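Novice: The listed protein sequences correspond, in order, to chains L and F.
The opening residue of the first sequence carries number 1 in the working numbering; numbering runs sequentially from there.
The opening residue of the second sequence carries number 216 in the working numbering; numbering runs sequentially from there.
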Amino acid sequence: MNYESMSIDELLQECAKSSQSGAWAEFIRRFHRLIASVVIRCCREWSQRSPELVEDLIQETYLKLCANNHSILANFRSEHPNSFLGYLKVVTANLACDRLRSLVPKNEQTVPLDDANNQAQTGTGQVEKMEDQAFFKKVDGILLARGSGSLEQKERAIFWLWYQQGFTAKEIASLPGIDLTPKGVESVIYRITKLIKRILIEDRGENRGKGFPAP
Amino acid sequence: MENGHLSIEQIEDLSLSDEPATGEPPGAWSHIGRCEECRSLVEEYRLVHARFTELVSRKPPARAPMNCPDENIWFDVAGGRLSPAESLTYIQHAATCASCAQKLRTANRIFEDELSAAEESTINSLPSSNPDRQRELAEMLGKVSKAQEDKKGLEVKQTLRIPWRRLLLYAIPATACVIVGLLVSNSIYVKGQVQEVQAFVDSEYGKGRPGDYRLAGMPYQRNRGERGPANLLPFIEIPKSVIRTKPLLAGEAAFLNGEPRSAKEILERACRSCDTSAMTLNDLAVATAMEADTTRSQADYEKALALLDEALKQRPDDAAIYFNRARIFERLKRSEDARKALEQFRRFERDPGWLAEAERMLPSS
């Protein structure tokens with residue numbers, strides 16, 4: 001049987017139904033790098049760099065795919081051509097993180113630097129904090145006032161991911177459902193920022209009727 | 216210029232810098248130097264712009280928990296496992312929640328398609344990236360799959376076999392135990408019944424034998440005479456089990472119950488069941504003769520004699536058979552045959568009681 005010419009769905013069915021090592025060899029050939037990369041990155045997030053641990057987690061992922069009569073493969077329903085890749089990433093990441101969570105003692109689990117910064121910031125600059133909150137509320141009010149359609153919601157999310165959460169345009173563009181290129185994300189941010197600036201200035205009563213375009 | 220003032224686009228552009236860029240026409244800049252309103256507006260824009268710049272550089276303010284979703288959901292979001300609408304809902308949450316945004320960013324980073332050079336190097340150095348190891352891994356996975364198939368098949372078979380296994384494991388031994396138990400208890404019960412009948416026979420026979428004839432294997436006992444309403448004796452209900460297993464004993468009990476007809480039926484059934492031993496034939500002959508004593512049937516006496524002849528073929532030295540033959544010949548008024556039978560009897564009998572009775576019988580014959 002020529003496994004190399006099979007589509008992903010056909011190969012998955014073959015792996016789920018057959019005990020032929022050929023099907024699994026093709027599966028490993030196609031997806032080993034993906035599984036390995038997810039495991040390596042999970043380990044890095046947990047500050048674990050042992051190659052043995054990485055190997056163990058990779059093997060466990062393969063065994064999990066075989067577990068319960070290949071229920072993971074058998075239950076997979078393809079929604080779009082690359083949906084299995086996302087599915088496999090999620091399966092691998094969940095397994096690796098669950099395992100790492102159980103391996104690393106709670107008191108050794110690291111607090112992300114950003115969280116540490118957040119924690120350090122609380123209680124300092126009370127006035128600044130209040131000003132920030134007021135500004136955030138004002139800007140968010142403008143964004144929400146634009147409407148509740150999916151486009152407006154998406155642009156609001158893009159705006160705050162950029163300005164408040166520090167996501168890059170590339171990171172935002174890579175999120176499922178955003179459906180924009182990094183340039184497209186930058187364009188949205190520029191447009192929304194410009195709009196908000198104008199509205200903010202309008203609201204400050206500084207507009208003197210000099211041909212400001214309507215918001 | 217609109218209404219003698221700068222356009223909003225010009226004001227926005229001017230707010231982004233403090234002086235004219237190289238090659239930029241100085242018109243707008245000279246206007247804000249003259250126009251208080253436009254200069255003020257540029258300043259306003261600069262302040263707002265500064266707020267946005269601060270917004271980027273400053274971390275989001277700490278906020279109360281926002282009903283954050285389970286942390287594993289961020290893998291589903293980043294992995295594209297949710298519908299666009301669901302995904303957008305979670306992304307919106309993350310956009311205004313620093314903690315969830317961090318998780319989303321981590322998930323997104325883990326799922327990034329592009330590999331860095333370091334990651335490429337790490338993957339290439341893994342033993343599982345070696346083609347030989349991958350072949351071994353594929354074979355192992357194939358074996359695991361086969362083992363699961365076999366187990367699945369076995370489970371199906373086991374599922375199907377469970378009732379039979381249970382039957383074999385429990386029902387059959389239980390049934391066997393019950394049967395054995397029944398047999399044992401029945402055996403004990405039958406044994407008890409036999410013992411009871413035997414005790415009755417021993418007891419009643421000790422009080423005198425039932426009639427003129429002699430039962431096989433029984434010691435000498437005087438004739439107790441016929442039973443009747445005047446001299447009622449203890450009566451025993453003869454169990455079927457005793458009739459079936461010990462027909463001779465059952466017959467003796469029937470004789471002692473004063474029921475030679477019943478004894479004859481028991482013994483005839485035994486003969487039909489191939490129990491044609493000399494003793495059974497002797498007692499059946501006695502029952503037949505006793506019936507003939509009542510009916511005065513010549514034919515019955517002849518039948519009795521024929522049975523005794525059969526018995527003699529088996530045990531030609533049995534004194535009891537000769538004794539009974541003498542009695543029947545006596546009834547049939549065949550004195551010579553009776554005398555010859557008694558002579559035979561004397562040859563084999565050692566019991567003085569029987570010998571004495573035979574002596575008393577001869578004068579009358």
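Cβ atoms here follow ideal geometry from the backbone N, Cα and C, with glycine treated the same way.
Given the structure is predicted, the values throughout are model-derived calculations rather than measurements.
Counting only C-beta atoms, is Arg-220/L closer than 8 Å to chain F at any point?
Specialist: Nothing about residue 220/L can be reported from this structure: the residues present for chain L run from 1 to 215 only.
Novice: Is DSSP giving Asn-472/F helix, strand or coil here?
Specialist: Within the second sequence, residue 472/F is the residue found at index 257, counting from 1. If DSSP states are grouped into helix, strand and coil, Asn-472/F belongs with coil.
Novice: Assign His-80/L to one of two classes, buried (16 or more other C-beta atoms within 10 Å of its C-beta) or exposed (fewer than that).
Specialist: Position 80 of the first sequence, counted from the first residue, corresponds to residue 80/L. Per the 10 Å Cβ criterion, exposed.
Novice: Tell me, please, whether the CB atom of Leu-256/L is closer than 8 Å to any CB atom in chain F?
Specialist: Lying outside 1 to 215, the shown extent of chain L, residue 256/L is not represented and no answer is given.
Novice: If we ignore side chains and look at the alpha-carbon of each, how far apart do Leu-464/F and Thr-390/F end up?
Specialist: Along the second sequence, one-based indexing puts residue 464/F at 249. Along the second sequence, one-based indexing puts residue 390/F at 175. Those two C-alpha atoms are separated by around 33 Å.
Novice: Note the first and the last residue of the continuous alpha helix (DSSP H) segment covering Pro-51/L.
Specialist: Position 51 of the first sequence, counting from 1, holds the residue named residue 51/L. That run of the alpha helix (DSSP H) goes 51-74.
Novice: At which residue ranges does the stretch 305-378 of chain F contain complete beta strand (DSSP E) runs of 3 or more residues, listed in the order of the chain?
Specialist: If we require 3 residues or more, the stretch 305-378 of chain F turns out to have no beta strand (DSSP E) run fully inside it.
Novice: State the CB to CB distance for the pair Ala-500/F and Leu-471/F, rounded to an integer number of angstroms; the pair is presumed to be in contact (CB under 8 Å).
Specialist: Residue numbering aside, residue 500/F sits at position 285 when the second sequence is read from its first letter. Residue numbering aside, residue 471/F sits at position 256 when the second sequence is read from its first letter. The pair is not a contact, with the Cβ atoms about 18 Å apart (cut-off 8 Å).
Novice: Considering only their Cβ atoms, is the gap separating Ile-40/L from Thr-337/F smaller than 8 Å?
Specialist: Here residue 337/F refers to the residue found at position 122 when the second sequence is read from its first residue. Here residue 40/L refers to the residue found at position 40 when the first sequence is read from its first residue. A contact, by the Cβ cut-off of 8 Å.
Novice: Answer with yes or no whether the minimum CB distance from Asn-282/F to chain L is below 8 Å.
Specialist: Locating residue 282/F in the second sequence gives position 67, where the first residue counts as 1. Not an interface residue.
Novice: Between the alpha carbons of Glu-171/L and Asp-365/F, how many angstroms are there, rounded?
Specialist: Translated into positions along the first sequence, residue 171/L becomes position 171. Translated into positions along the second sequence, residue 365/F becomes position 150. About 47 Å.
Novice: Could you check what DSSP says for Ala-214/L in three-state terms: helix, strand or coil?
Specialist: As a first step, residue 214/L is located in the first sequence; it is residue number 214 there, counting from the start. Here Ala-214/L scores only 38 on pLDDT, less than 50, and its place in the model should not be relied on; the value that follows carries that caveat. Correct three-state label for Ala-214/L: coil.
Novice: Could you tell me which chain F residues have their CB closer than 8 Å to the CB of Tyr-87/L, listed as they occur along the chain?
Specialist: Numbered from its first residue, the first sequence carries residue 87/L at position 87. Residues of chain F passing the Cβ test: Gly-294 and Arg-296.
Novice: If contact means a Cβ-Cβ distance below 9 Å, which residues of the stretch 174-200 of chain L contact chain F?
Specialist: So the close ones are Ser-174, Leu-175, Pro-176, Gly-177, Ile-178, Asp-179, Thr-193, Lys-194, Ile-196, Lys-197, Arg-198 and Leu-200.
Novice: Per the DSSP calculation, Arg-424/F is bridged to which residue(s)?
Specialist: One-based indexing of the second sequence puts residue 424/F at position 209. Note: Arg-424/F sits in a beta bridge opposite Asn-438/F.
Novice: Does His-80/L come out as helix, strand or coil in the three-state DSSP assignment?
Specialist: Taking the first residue of the first sequence as 1, we reach residue 80/L at position 80. In the structure shown, His-80/L sits in coil (DSSP, three-state: anything other than H, G, I, E or B).
Novice: Answer with buried or exposed for Met-494/F, where buried requires no fewer than 16 other C-beta atoms within 10 angstroms of its C-beta.
Specialist: Counting from 1 along the second sequence, the entry for residue 494/F is found at position 279. Buried, because 16 or more other Cβ atoms sit within 10 Å of the Cβ of Met-494/F.
Novice: Okay, do the stretch 527-543 of chain F and the stretch 553-562 of chain F touch, 3+ Cβ pairs below 8 Å being the bar?
Specialist: Cβ pair count under 8 Å is three or more, so yes.
Novice: For Tyr-163/L, does the count of other Cβ atoms within 10 angstroms reach 16, so buried, or fall short, so exposed?
Specialist: Against the first sequence, residue 163/L aligns to sequence position 163. When all chains shown are included, Tyr-163/L counts as buried.
Novice: Between the C-alpha atoms of Gln-13/L and Trp-24/L, what's the straight-line distance to the nearest angstrom?
Specialist: Along the first sequence, one-based indexing puts residue 13/L at 13. Along the first sequence, one-based indexing puts residue 24/L at 24. Their backbone Cα atoms lie some 11 Å apart in a straight line.
Novice: Which residues in the same chain as Gln-225/F place their Cβ atom closer than 7 Å to its Cβ, once the five residues preceding and following it in sequence are excluded?
Specialist: In the second sequence, counting from the first residue as 1, residue 225/F sits at position 10. Cβ neighbours of Gln-225/F beyond the five flanking positions: Ala-243.
Novice: Give the secondary structure of Glu-202/L by DSSP, where H, G and I count as helix, E and B as strand, and everything else as coil.
Specialist: Counted from its first residue, the first sequence places residue 202/L at position 202. If DSSP states are grouped into helix, strand and coil, Glu-202/L belongs with the helices.
Novice: Taking only beta-carbon atoms, is Tyr-3/L less than 8 Å away from chain F?
Specialist: One-based indexing of the first sequence puts residue 3/L at position 3. So no, Tyr-3/L is outside the interface.
Novice: Can you pull the chain L neighbours of Asp-233/F, defined as C-beta to C-beta under 8 Å?
Specialist: Sequence index remark: in the second sequence, residue 233/F carries index 18 (1-based). In chain order: nothing, as chain L lies at least about 18 Å away.
Novice: Between the beta-carbon of Arg-437/F and the beta-carbon of Gly-426/F, is there less than 8 Å?
Specialist: Within the second sequence, numbered from 1, the residue matching residue 437/F stands at position 222. Within the second sequence, numbered from 1, the residue matching residue 426/F stands at position 211. The answer is no: Cβ separation not under 8 Å.
Novice: How many angstroms separate the CA atom of Thr-509/F from the CA atom of Ser-402/F?
Specialist: If you number the second sequence from 1, residue 509/F lands on position 294. If you number the second sequence from 1, residue 402/F lands on position 187. Going from the Cα of Thr-509/F to the Cα of Ser-402/F covers about 38 Å.
Novice: Is the separation between the beta-carbon of Val-38/L and that of Ile-325/F shorter than 8 Å?
Specialist: Your numbering for residue 38/L matches position 38 in the first sequence. Your numbering for residue 325/F matches position 110 in the second sequence. Yes, the Cβ-Cβ distance between Val-38/L and Ile-325/F is below 8 Å.
Novice: Can you list, in chain order, the residues of its chain whose CB lies under 6 Å from that of Ala-431/F, leaving out five sequence neighbours each side?
Specialist: Walking along the second sequence from the start, residue 431/F turns up at place 216. Answer for Ala-431/F: Met-494, Asn-497, Asp-498 and Ala-535, listed in chain order.
Novice: Only counting runs of 4 or more residues, tell me where the alpha helix (DSSP H) segments fall wholly within the stretch 490-525 of chain F, in order along the chain.
Specialist: As far as the stretch 490-525 of chain F is concerned, its whole alpha helix (DSSP H) runs of at least 4 residues are 493-510.
Novice: Is it the case that the Cβ atoms of Pro-176/L and Gly-295/F are separated by a distance below 8 Å?
Specialist: Translated into the one-based positions of the first sequence, residue 176/L becomes position 176. Translated into the one-based positions of the second sequence, residue 295/F becomes position 80. Taking 8 Å as the Cβ cut-off, Pro-176/L and Gly-295/F qualify as a contacting pair.
Novice: Does the Cβ-Cβ distance between Ile-192/L and Tyr-260/F come in under 8 Å?
Specialist: Counting from 1 along the first sequence, the entry for residue 192/L is found at position 192. Counting from 1 along the second sequence, the entry for residue 260/F is found at position 45. No, these two residues do not count as a Cβ contact at 8 Å.
Novice: CB-CB under 7 Å to Ala-468/F, same chain, minus the five flanking residues each way: which ones, in chain order?
Specialist: Taking the first residue of the second sequence as position 1, residue 468/F is located at position 253. Excluding residues within five positions, the ones whose Cβ falls inside 7 Å are Val-412, Phe-415, Val-416, Ile-451 and Ile-453.
Novice: Terminal residues of the continuous alpha helix (DSSP H) containing Glu-227/F?
Specialist: The sequence position of residue 227/F within the second sequence is 12, counting from 1. From DSSP, the alpha helix (DSSP H) with Glu-227/F extends over 223-230.
Novice: 8 Å is my cut-off, CB to CB: does Trp-46/L come that close to chain F?
Specialist: Reading the first sequence from its first residue, position 46 is the one you call residue 46/L. So no, Trp-46/L is outside the interface.
Novice: For the alpha helix (DSSP H) that Ala-431/F lies in, which residues bound it at each end?
Specialist: Here the question's residue 431/F lines up with position 216 in the second sequence. First-last for Ala-431/F: undefined, no H or E at that position.
Novice: Buried or exposed: which applies to Leu-375/F, given that a residue is buried once 16 or more other Cβ atoms fall within 10 Å of its Cβ?
Specialist: Residue 375/F sits at position 160 when you count from the first residue of the second sequence. Low per-residue confidence applies at Leu-375/F: pLDDT is 44, beneath 50, and the placement is therefore not dependable, though the value from the model is reported in the following sentence. Result: exposed.
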